[in-house]
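Written below as structure tokens is the structure these notes are about.
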Amino acid sequence: MEVQVGKAEVERLLQALQQYCGLTDGRALARRLGVPLGELQRWRRSGVVPLGQLVARCPELPWQHMLGEELLRLLVPRVLPPGWRPTPELPEEDAPVPPIRTSAALTDTERVQLLEWMLWAREFDWTLIRLYRQGRAVGSVFAQLGNEAVAVGTAFALRPTDAVFPMHRDLGVHFVRGQDLHALLATHLAREGSLTRGTDGTVHYADPARRIFGNISHLGAMLPVAVGYALAARLKGEDTVVLTFIGDGGAQTGEFHEAVNFAAVHKLPVVIVIENNQYAYSTPNRLQYACTFQADRAIGYGCFGEVVDGTDVELVYDACRRAVERARRGEGPTLLETLTFRQRGHAEHDDASYVPEAIRRYWAARDPVDRYSAFLLERGLLSPAQLEELREQIRQRLKQALDEVLQRPFPAPEEAFRGVFL
125 MEVQVGKAEV
135 ERLLQALQQY
145 CGLTDGRALA
155 RRLGVPLGEL
165 QRWRRSGVVP
175 LGQLVARCPE
185 LPWQHMLGEE
195 LLRLLVPRVL
205 PPGWRPTPEL
215 PEEDAPVPPI
225 RTSAALTDTE
235 RVQLLEWMLW
245 AREFDWTLIR
255 LYRQGRAVGS
265 VFAQLGNEAV
275 AVGTAFALRP
285 TDAVFPMHRD
295 LGVHFVRGQD
305 LHALLATHLA
315 REGSLTRGTD
325 GTVHYADPAR
335 RIFGNISHLG
345 AMLPVAVGYA
355 LAARLKGEDT
365 VVLTFIGDGG
375 AQTGEFHEAV
385 NFAAVHKLPV
395 VIVIENNQYA
405 YSTPNRLQYA
415 CTFQADRAIG
425 YGCFGEVVDG
435 TDVELVYDAC
445 RRAVERARRG
455 EGPTLLETLT
465 FRQRGHAEHD
475 DASYVPEAIR
485 RYWAARDPVD
495 RYSAFLLERG
505 LLSPAQLEEL
515 REQIRQRLKQ
525 ALDEVLQRPF
535 PAPEEAFRGV
545 FL
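So for the sequence shown, the working numbering puts the first residue at 125; every next one is plus one.
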């Protein structure tokens, strides 16, 4: 990727590179960068430099410090919610909410389907929250309220043969993949038909037939597994892209860095979604990492990176679609950072009283389900009556499924010994 940065900026960049590498002249710098000396001279004359090529060739150099914010934006594209600030800084509450950035790759029928999946995720979440308060949900409830656009938009960018490793706030992935509603409810209620045979009452379930693989509680540990799956698929000659997720807290673990580095070195077909929902339990962004955007780390790994507004489902879909296409072409992994907000606590036992009201109000105005519902109404793809009818159909189907699952017995005790080494 050649970028017009200006002659003065090229000179500043080359001097910074030469100083950092401890080199005495341009000839030595050219050798270090693996280009002819005449190429450096051409960059100086034209003010054009192949930034992407340089970063990929020398990923160990501190590009974030040498490039500056404007050049960084060229390497790691970003579309941010206006007025956003990394927590615990307060956002600009009066910042405008931009219109949905429409994707040229979506049909109107697909748009309605995207909203339906988001509504399913939202209503299922509220069902689980009520069950938890009633004491009938046997495990913790990790609500994904506010994350629907991320889970649905990314999952829809995949083929059915691609693999996905969702996290605990990616319920939308399961609906996009067509997972059975009764099985999901049975899992959270530990009843017969549970995806985990009643041994786990929360989100550690998988459905290999749909290429969904279970979440690992030790956040960060799932990344090496997903990357290993991508490597295995390549060795078997399969045309498979792997989509996996991590939170802004889990992205600070050692396993995360090892996995991304390995995927980048081997150009594995992996899309890694960093769900930046502003808090890792109660720890805000500023106490987790020093860079403004975690996707900027892609420069150091030598892979692609992008930051998007995670409350815009079509924007998320387009970004993930591009990442999937790159992965399928053999261009390696992408770090896709989605900026969104966890509308509830870490789990339902956490009241999230540490979140300032100004931050809550800012993100409430950007609720992904409300934004996309309003967008489809404005485009005339749904009428208000049709939207309410769709919501009511989902609620009724959920109620019917829940009534049926609650009549099921708990699994037999001997089920606890299946799949366990004794």
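Virtual Cβ for every residue (Gly too), placed ideally from N, Cα, C.
Candidates the options: closest to residue i by CA position
i: Val203; options: Arg542, Val431 and Phe541; result: Val431
i: Gly277; options: Val351, Arg235 and Gln258; result: Arg235
i: Trp244; options: Pro480, Val300, Glu449 and Tyr425; result: Val300
i: Tyr486; options: Leu153, Val134 and Pro215; result: Pro215
i: Pro480; options: Arg209, Arg155 and Leu141; result: Arg209
i: Ala345; options: Glu135, Gly207 and Thr368; result: Thr368
i: Phe417; options: Val200, Ala443, Gln510 and Val134; result: Val200
i: Val327; options: Gly296, Pro535, Pro223 and Ala354; result: Gly296
i: Pro212; options: Ala443, Pro284, Leu411 and Leu305; result: Leu411
i: Arg445; options: Leu282, Gln142 and Tyr478; result: Leu282
i: Val389; options: Gly374, Ala447 and Leu355; result: Leu355
i: Arg521; options: Thr251, Thr311 and Lys391; result: Thr251
i: Ser264; options: Asp324, Gln237, Ser227 and Pro284; result: Asp324
Check whether residue i and residue j have beta carbons under 8 angstroms apart
i: Leu175; j: Leu157; result: no
i: Glu163; j: Leu514; result: no
i: Ala404; j: Leu459; result: no
i: Asp436; j: Arg225; result: yes
i: Pro205; j: Leu463; result: yes
i: Val366; j: Pro393; result: yes
i: Asp304; j: Gln268; result: no
i: Ile556; j: Ile396; result: As shown, the chain starts at 125 and ends at 546. That puts residue 556 outside it, with no answer to give.
i: Pro82; j: Val384; result: The shown model of the chain, from 125 to 546, leaves out residue 82, and the question about it has no answer.
i: Arg452; j: Asp372; result: no
i: Phe534; j: Arg315; result: yes
i: Gly302; j: Ala310; result: no
i: Glu472; j: Tyr256; result: yes
i: Glu379; j: Leu347; result: yes
i: Ala330; j: Gly338; result: yes
i: Glu133; j: Ala482; result: no
Short CB-CB distance (under 8 angstroms) between residue i and chain D
i: Pro220; result: In the structure shown, chain D cannot be found, because there is only a single protein chain.
Rounded C-alpha distance that separates residue i from residue j
i: Pro537; j: His342; result: 27 angstroms
i: Gly270; j: Pro290; result: 16 angstroms
i: Leu313; j: Arg197; result: 46 angstroms
i: Ala414; j: Pro220; result: 27 angstroms
i: Gly130; j: Asn409; result: 34 angstroms
i: Asp433; j: Leu526; result: 34 angstroms
i: Glu382; j: Arg532; result: 44 angstroms
i: Asp286; j: Leu161; result: 44 angstroms
i: Leu230; j: Leu506; result: 16 angstroms
i: Ala498; j: Met242; result: 13 angstroms
i: Arg335; j: Ser170; result: 49 angstroms
i: Arg254; j: Phe266; result: 13 angstroms
i: Glu247; j: Leu137; result: 52 angstroms
i: Leu501; j: Glu455; result: 39 angstroms
i: Asn401; j: Phe428; result: 21 angstroms
i: Ala273; j: Gly543; result: 35 angstroms
i: Arg168; j: Leu185; result: 20 angstroms
i: Ala357; j: His306; result: 31 angstroms
i: Ile518; j: Gln524; result: 10 angstroms
i: His470; j: Glu539; result: 30 angstroms
i: Ala443; j: Arg450; result: 11 angstroms
i: Ile340; j: Val349; result: 10 angstroms
i: Arg166; j: Arg155; result: 15 angstroms
i: Gln376; j: Val262; result: 30 angstroms
i: Leu359; j: Gly259; result: 47 angstroms
i: Arg468; j: Val173; result: 46 angstroms
i: Asp491; j: Val529; result: 31 angstroms
i: Arg503; j: Glu512; result: 16 angstroms
i: Gly207; j: His298; result: 32 angstroms
i: Tyr441; j: Ala447; result: 10 angstroms
i: Leu308; j: His292; result: 13 angstroms
i: Val288; j: Phe386; result: 18 angstroms
Beta-bridge partners of residue i, as assigned by DSSP
i: Phe428; result: Thr458
i: Asp433; result: Leu463
i: Asp331; result: Ile336
i: Ala99; result: No statement about residue 99 is possible, as the shown extent of the chain runs from 125 to 546 and does not include it.
i: Ala488; result: For Ala488, which the question treats as bridged, DSSP gives no partner whatsoever.
i: Phe289; result: Thr368
i: Arg202; result: Val431
Worksheet item: Enumerated in chain order, which unbroken segments of the beta strand (DSSP E) with a length of 3 residues or greater are wholly contained in the region 130-174?
Response: 172-174
Item to complete: Can you check the region 338-408 for any alpha helix (DSSP H) of at least 4 residues that lies completely inside it and give the ranges in chain order?
Response: 346-359 and 378-389
Worksheet item: Can you give, in chain order, each stretch of the alpha helix (DSSP H) that sits fully within the region 246-279 and has at least 4 residues?
Response: 272-279
Fill in: Complete alpha helix (DSSP H) runs within the region 502-540 (minimum length 4 residues, chain order)
508-530
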